[in-house]
Amino acid sequence: MSTAKKILVIDDDPEICQAMETILGDNGYEVYAATDTVRGEALLQERQPDLLILDIMMATMHEGLDFAAKIKKKEGPYGLPILIVSGRPSSEKGYQRSVEEDLDWIAADIFMEKPVDPEDLLRNVETLLSRRKA
Amino acid sequence: MRRILVVDDEESTRELLALSLQSDGYEVLCAEDGYSAMEICANHPPQIVLTDIKMPGMDGIELLRRIKHLNADIEVIMITGHGQMELAIQALQLEASDFINKPISDNALSVALRRAEQKIWMREKLREYTENLECMLKQATDEIRKRYDFEHNLIQTSMDGIIVNDRDGNIILFSEGASRIYGYSREEAVCGLKVTSLYPEGEARRVKKLIYSQEYGGPGYLVNYETTARTKDGRLVPILLSAALLYEDGEEVGTVGYFKDITEVKELQARLLEQTRLAAMGEAMAEVAHGVKNILYGMKLGAYMVEKALSQGDRGRLEKGWDMVRKNMDRIARLSLEMLDYARGKSRRREAIAINDVINDVYQELSKRAQEEGVRLELETVCDLPYLFGDVEAFHSCVLNLMTNALEAFGEESVEKRVTLRTFVQENRWICVEVEDTGRGIPPEVQDKIFHPLFTTKGARGTGLGLAIAQKIVQELGGVMDFHTTPGRGTTFRLRFPLVTSQ
Chain A
1 MSTAKKILVI DDDPEICQAM ETILGDNGYE VYAATDTVRG EALLQERQPD
51 LLILDIMMAT MHEGLDFAAK IKKKEGPYGL PILIVSGRPS SEKGYQRSVE
101 EDLDWIAADI FMEKPVDPED LLRNVETLLS RRKA
Chain B
1 MRRILVVDDE ESTRELLALS LQSDGYEVLC AEDGYSAMEI CANHPPQIVL
51 TDIKMPGMDG IELLRRIKHL NADIEVIMIT GHGQMELAIQ ALQLEASDFI
101 NKPISDNALS VALRRAEQKI WMREKLREYT ENLECMLKQA TDEIRKRYDF
151 EHNLIQTSMD GIIVNDRDGN IILFSEGASR IYGYSREEAV CGLKVTSLYP
201 EGEARRVKKL IYSQEYGGPG YLVNYETTAR TKDGRLVPIL LSAALLYEDG
251 EEVGTVGYFK DITEVKELQA RLLEQTRLAA MGEAMAEVAH GVKNILYGMK
301 LGAYMVEKAL SQGDRGRLEK GWDMVRKNMD RIARLSLEML DYARGKSRRR
351 EAIAINDVIN DVYQELSKRA QEEGVRLELE TVCDLPYLFG DVEAFHSCVL
401 NLMTNALEAF GEESVEKRVT LRTFVQENRW ICVEVEDTGR GIPPEVQDKI
451 FHPLFTTKGA RGTGLGLAIA QKIVQELGGV MDFHTTPGRG TTFRLRFPLV
501 TSQ
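Same order as they appear, the protein sequences are chains A and B. Counting in the UniProt record's numbering, the first sequence runs from 1 upward without gaps. Counting in the UniProt record's numbering, the second sequence runs from 1 upward without gaps.
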């Protein structure tokens with residue numbers, strides 16, 4: 001089915017990737033998963049997904065944030081909505097930049113704090129994709 | 001100009017003498033008897049008196065006596081007649097400066113005058129010298145007093161307590177600063193207080209021993225030694241003590257000590273430590289929460305899959321979901337066990353550890369996994385490695401942990417996958433264990449965090465406690481752990497344990 005929306009999942013935990021593939025797949029999405037940003041970017045160009053779900057606690061917090069920022073700044077296949085899943089609350093400081101500051105900067109579309117409920121995640125995914133269509 | 005008083009009852013003699021003396025340049029006063037002479041001596045004192053010895057009323061001898069009584073500095077020359085030698089001698093005994101016989105010859109007069117002049121001059125000089133000496137003595141005394149006051153002030157106003165004791169331990173100097181610390185007044189201290197009573201039991205002896213020892217600044221000195229003072233009312237106060245032996249002509253005569261009350265410093269240190277501890281605890285708790293949230297996320301996803309599978313009757317999906325739930329339960333279990341292990345601290349056994357045996361065990365344990373993951377395991381050990389003393393199990397888990405990290409250090413991009421486990425002796429001082437991998441390396445921004453408890457780059461796969469525990473174990477074994485890493489090229493962790501020379 002060529003109308004299926006494509007979602008790219010980047011999370012350094014392969015099991016989370018697997019579960020996301022299953023859950024999102026069950027809901028009719030085409031899912032590509034990567035456990036690091038290098039492969040993630042390759043998939044981004046190759047598959048031109050409609051949405052990115054990104055865990056910002058990659059190997060380092062910076063890796064995830066820098067990647068999100070990079071994507072937001074570019075055009076073409078890069079201009080897709082981003083849903084960030086993080087273990088840290090959006091208000092937490094203590095790193096060089098707070099997540100909030102970074103969210104303003106990268107304009108991540110939706111920020112969700114772990115443990116994310118799968119139902120909420122699906123609802124947010126649907127919201128982001130339908131908004132894009134409109 | 002010198003003033004001369006001429007005393008004679010004969011007017012002619014007076015006038016003759018006066019004329020002669022005036023022409024010699026003297027100011028001349030005359031008196032016809034002893035009484036008016038005394039009056040002049042009291043009102044216009046002359047330097048020299050020239051008096052006849054034989055006079056009506058008060059004679060020359062009596063006049064001499066009175067003049068000398070009034071002012072011993074006035075020189076009196078007696079004029080004697082023929083056959084008055086006895087009177088002349090008596091006059092000399094009464095400190096007359098000279099006598100001349102009648103009739104007065106100019107020559108005899110001038111000799112007598114010169115002699116009197118000389119005596120006056122000498123007396124003046126002597127007075128001058130004496131005055132100078134007195135002045136100089138006063139200056140020197142003032143100087144000494146000033147310096148003493150200055151040094152006394154230095155000692156007394158010093159914020160530190162300064163205490164000097166003699167060889168027998170008697171206190172001989174006790175500054176205001178010392179009073180502030182100890183509560184004894186200066187008088188109490190210097191009247192029979194022994195220096196030993198300024199310390200808790202036995203501490204004075206230890207301090208004395210340390211002064212003679214090499215430690216804290218070398219023999220004869222004690223520099224910044226932290227000890228405890230016992231005050232008059234029995235309180236114990238933390239102090240910083242510096243002291244030195246005092247010598248006089250090469251012989252030891254006592255000790256000077258400088259005491260600084262460090263109660264506030266200690267309190268600040270304790271408070272700072274407590275704050276650091278609380279901050280670290282807060283940070284650790286945030287990290288724990290973060291780890292738990294990650295695991296919960298996995299569980300939620302698994303549970304969701306289980307629920308969906310149940311409603312759809314999909315057995316395959318059910319197993320997948322359940323597997324995920326199980327795995328995350330295991331993670332929580334491992335996290336809590338490792339947290340306990342980290343918190344447990346030192347309760348380990350102490351035994352001889354054959355390092356190479358442990359290395360070989362770890363090698364065997366991991367060889368299958370390495371093979372599956374396409375990692376070449378290499379072993380480079382030296383024989384006859386000295387024993388290490390400590391807990392074998394802890395050492396084993398430490399090496400296992402480093403090896404597991406090494407196996408997980410490779411990415412897709414790693415061209416060569418090799419892990420080397422190495423033992424050797426370095427510089428005849430250290431027993432070394434090295435774990436080298438050719439993996440990704442450690443990014444610069446996390447290099448200083450890798451030993452922090454709960455820091456991990458492995459996402460939900462790691463608890464973030466592995467390296468923290470490994471480092472703790474190495475420290476308990478008396479060793480140090482360090483690493484060097486080149487991003488993209490690999491990392492080497494090195495454990496070094498001091499080589500104990502054979503007992």
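Beta carbons: idealized from backbone N, C-alpha and C, even for Gly.
Val500 (chain B) sits in coil when the DSSP states are folded into three classes, being neither helix nor strand.
Within the stretch 303-320 of chain B, the residues whose Cβ lies closer than 8 angstroms to any Cβ of chain A are, in chain order, Tyr304, Met305, Lys308, Arg317 and Lys320. In this structure, the alpha-carbon of Glu373 (chain B) lies about 17 angstroms from that of Val362 (chain B). The beta-bridge partner set that DSSP reports for Asn165 (chain B) consists of B:Ile171 and B:Thr255. Assigned with DSSP and collapsed to three states, Val49 (chain B) falls in strand. Counted as a single uninterrupted DSSP element, the alpha helix (DSSP H) harbouring Glu117 (chain B) occupies residues Asp106 to Thr157. Rounded to the nearest angstrom, the gap between the Cα atoms of Arg115 (chain B) and Met136 (chain B) is 31 angstroms.
Per DSSP, the continuous beta strand (DSSP E) segment holding Ala34 (chain A) begins and ends at Glu30 to Ala34. Annotated as distal: Leu400 (chain B) and Glu378 (chain B), with beta-carbon spacing of 8 angstroms or more.
Apart from the 5 residues on each side of it in sequence, Glu203 (chain B) sits with its Cβ closer than 7 angstroms to the Cβ of Thr227 and Thr228 in its chain, given in chain order. Proximity of chain A to Leu467 (chain B) at the Cβ level (cut-off 7 angstroms) is not reached, the minimal Cβ distance being about 15 angstroms. Shown here for Cys398 (chain B): same chain residues with a beta carbon closer than 7 angstroms to its own, the five before and five after excluded, namely Ala470, Ile473 and Val474 in chain order. Using beta-carbon distances, Pro49 (chain A) does not count as an interface residue toward chain B, since no partner is under 8 angstroms. In the displayed model, Gly490 (chain B) falls within a strand according to three-state DSSP.
Nearest Cα to Met403 (chain B) within the set B:Thr492, B:Glu413 and B:Lys449: B:Thr492.
For the alpha helix (DSSP H) assignment, the uninterrupted runs of no fewer than 4 residues enclosed by the UniProt domain "Response regulatory" (3-117) of chain B are, from N- to C-terminal side, 11-23, 34-43, 60-70 and 85-93.
Contact annotation: the stretch 55-67 of chain B does not touch the stretch 19-28 of chain B, with fewer than three C-beta pairs closer than 8 angstroms. Excluding sequence positions up to five before and after Tyr342 (chain B), its CB lies within less than 8 angstroms of the CB of Pro453, Leu465, Ala468, Ile469 and Lys472, all in the same chain and listed in chain order.
Cβ atoms of Arg350 (chain B) and Phe389 (chain B) come within 8 angstroms of each other, at about 6 angstroms. Ile53 (chain A) carries a strand assignment under DSSP once its states are collapsed to helix, strand and coil.
What Ile23 (chain A) touches in chain B, judged by beta-carbon distance under 7 angstroms, is Leu301, Tyr304 and Met305, going in chain order.
Within chain A, no residue has its beta carbon less than 8 angstroms from that of Lys417 (chain B); the closest one is some 17 angstroms off. Under a criterion of Cβ atoms nearer than 7 angstroms, the residues of chain A adjacent to Asn294 (chain B) are, in order, Gly87 and Lys114. Contact between Glu30 (chain A) and Lys5 (chain A) holds: CB atoms are separated by about 7 angstroms, below the 8 angstroms threshold. Minimum Cα-Cα distance from Arg167 (chain B) among the listed residues B:Met159, B:Glu187, B:Ala178 and B:Lys194 corresponds to B:Lys194. Note: Gln269 (chain B) is not bridge-paired with any residue in the DSSP secondary-structure output. Chain order gives the chain A residues near Gly298 (chain B) as Asp13, Glu15, Ile16, Ala19 and Pro115, where near means a beta carbon separation below 9 angstroms.
Selection B:Leu337, B:Cys41, B:Thr438 and B:Asn107 evaluated against Val415 (chain B) yields B:Thr438 as nearest (Cα-Cα). Within the DSSP secondary-structure output, Ala352 (chain B) pairs in a beta bridge with B:Phe389. Of all alpha-carbon atoms in B:Leu407, B:Gly488 and B:Gly321, the one lying nearest the alpha-carbon of Ala309 (chain B) is that of B:Gly321. Secondary structure of Phe67 (chain A) (DSSP, three-state): helix. Fewer than three Cβ pairs drawn from the stretch 242-249 of chain B and the stretch 135-150 of chain B lie within less than 8 angstroms of each other, which leaves the two stretches out of contact.
Arg494 (chain B) counts as buried, since at least 16 other C-beta atoms from the protein chains shown sit within 10 angstroms of its C-beta. In the three-state reduction of the DSSP assignment, Pro238 (chain B) falls in the strand class, which pools E and B. Cβ proximity to chain A below 7 angstroms picks out Met324 and Lys327 from the stretch 322-350 of chain B. For Arg331 (chain B), the closest alpha carbon among the candidates B:Tyr297, B:Gly177 and B:Lys449 is that of B:Tyr297.
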